[in-house]
Amino acid sequence: MALARRRSAGGKKRCPPRKPAFSVYCSPMTPDRLDRFARHIVLPEVGGAGQVRLAGAHVVLVGMGGIGNPALQYLAGAGIGALTLIDDDVIEASNLQRQTLFMPADMGRAKAHVAAEWAARFDPVLKVVPQVVRIGADNANGLLTGADVVLDGSDNFATRLAVADACVRLGVPLTSAALGRFQGQVANFAGHLPDEACYRCFVGDAFDATDCDTCADLGVLGAMVGMVGAFAAMQALRVVLAGASTLGDPQWGRLQLIDGLAPSMRALRIAKDPACRTCGGLSQ
Ligand SMILES: [Zn+2]
115 MALARRRSAG GKKRCPPRKP AFSVYCSPMT PDRLDRFARH IVLPEVGGAG
165 QVRLAGAHVV LVGMGGIGNP ALQYLAGAGI GALTLIDDDV IEASNLQRQT
215 LFMPADMGRA KAHVAAEWAA RFDPVLKVVP QVVRIGADNA NGLLTGADVV
265 LDGSDNFATR LAVADACVRL GVPLTSAALG RFQGQVANFA GHLPDEACYR
315 CFVGDAFDAT DCDTCADLGV LGAMVGMVGA FAAMQALRVV LAGASTLGDP
365 QWGRLQLIDG LAPSMRALRI AKDPACRTCG GLSQ
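Numbering-wise (the working numbering), the sequence shown opens with residue 115 and increments by one.
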């Protein structure tokens, strides 16, 4: 895939070969890993230093459904060194319309196991741990400790809030992604920082007890979850790359609203709520 660009007056012109950034030569990456990630490494916004950072990162994915599937594909493709996949659900026929890692023969099997098997085939170097468990307030600390970022693509508010609250407690950044019908929402949160909002600052306390509309109720277009999941992976990569390369601008609290029907995307800034029961006490 290549972007169209205006041809110069002199007709077709070949680009000179680009030398990898100097940092590549200083990295501990093996020649086959350098080959695998060559298209990242030549990007000035990632570079050799960024690729080394990705290889050393641990991302926890909560929910291996419509968002988790493409997010895993692009995070594994990016060379994230360690991935934990949390989902207690099993694959059903109605998932196949949008959860593209799963085959009809996988029906009835745990999503986390099947997704981990895909990742092991895709890149055996990555450490991938499936967790077939429902994450909640009781076990979130143990499951999320040590993550560099948590990508939450779960399908209910109770889980989302339990995950978000644990991230603030543990000081772990959160990439939150959600969608319904043709609308997607993706943002990076760092509520553990004094001036940054958490997910609860955004949605409030009203959703703790009751789940709202789900994909089963509202419907969702398969390609739309691909778009939102891949975008969530990109936002998580921004978090991982912070301090390593220029793509590492997490844009905390900037909620991207994706309208798949228009199509369009616009951003809102989520401010820290001083009264937030999760992170409000951290305000200055
Ligand atoms: Zn908050």
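Cβ coordinates follow ideal geometry from the N, Cα and C atoms, glycine included.
Where the beta strand (DSSP E) containing residue i begins and where it ends
| i | result |
| --- | --- |
| N404 | An answer regarding residue 404 cannot be provided, because it is not within the stretch 115 to 398 covered by the chain. |
| F303 | Q297 to F303 |
| D266 | V263 to D266 |
| T259 | That residue, T259, is in no beta strand (DSSP E); it is neither H nor E in DSSP. |
| A291 | L288 to G294 |
| P142 | Counting along the chain, P142 falls outside any beta strand (DSSP E), and DSSP gives it neither H nor E. |
| P244 | K241 to Q245 |
Limits of the unbroken alpha helix (DSSP H) element including residue i
| i | result |
| --- | --- |
| A229 | K225 to F236 |
| D146 | P145 to R150 |
| T273 | F271 to L284 |
| G166 | It should be noted that the sequence gives Val, not Gly, for residue 166. Where V166 is concerned, the enclosing alpha helix (DSSP H) stretches over G161 to A169. |
Residue from the options whose Cα sits closest to the Cα of residue i
| i | options | result |
| --- | --- | --- |
| C390 | A320, I372 and L369 | A320 |
| T392 | A358, M221, A311 and M341 | A311 |
| A381 | R212, W366, F296 and D202 | W366 |
| A185 | A233, G362, P238 and E206 | A233 |
| N253 | V166, G394 and V176 | V176 |
| G395 | E159, P308 and Q165 | P308 |
| D262 | F151, L351 and V334 | L351 |
| C315 | L275, M379, G250 and H172 | L275 |
| P364 | A376, A251, G305 and L332 | G305 |
| A346 | P388, G298 and S378 | G298 |
| G256 | V277, F236 and F216 | V277 |
| L332 | D269, A385 and P158 | D269 |
| I249 | Q370, A280, V156 and V300 | A280 |
| D237 | Y188, Q211 and R153 | Y188 |
| H227 | G179, Q370 and R150 | G179 |
| V159 | M379, I384 and M348 | The sequence given here places Glu at residue 159; Val does not occur at that position. For the residues M379, I384 and M348, the minimum Cα distance to E159 belongs to M348. |
| G260 | R235, V282, R223 and H172 | H172 |
Supposed contact pair residue j and residue i - C-beta distance, whole angstroms, cut 8 Å
| i | j | result |
| --- | --- | --- |
| L240 | A272 | Rounded, the Cβ-Cβ distance is 30 Å, inconsistent with contact. |
| G267 | G182 | 5 Å |
| V264 | V174 | 5 Å |
| N302 | V354 | Not really, about 11 Å apart at Cβ, beyond 8 Å. |
| M221 | A207 | 6 Å |
| V334 | G294 | 7 Å |
For the stretch 280-289 and the stretch 189-201, state whether three or more C-beta atom pairs, one from each stretch, are separated by less than 8 Å.
Touching, no.
Is the stretch 243-250 close to the stretch 198-218, with three or more CB pairs under 8 Å?
Verdict: yes, contact present.
Every unbroken alpha helix (DSSP H) inside the stretch 175-221 [4 residues or more]
Complete alpha helix (DSSP H) runs here, min 4: 182-191.
Which runs of the alpha helix (DSSP H), 4 residues or longer, sit entirely within the stretch 300-380?
313-317, 329-332 and 336-354
Hey, is the stretch 154-166 in contact with the stretch 353-361, meaning 3+ C-beta pairs nearer than 8 Å?
yes
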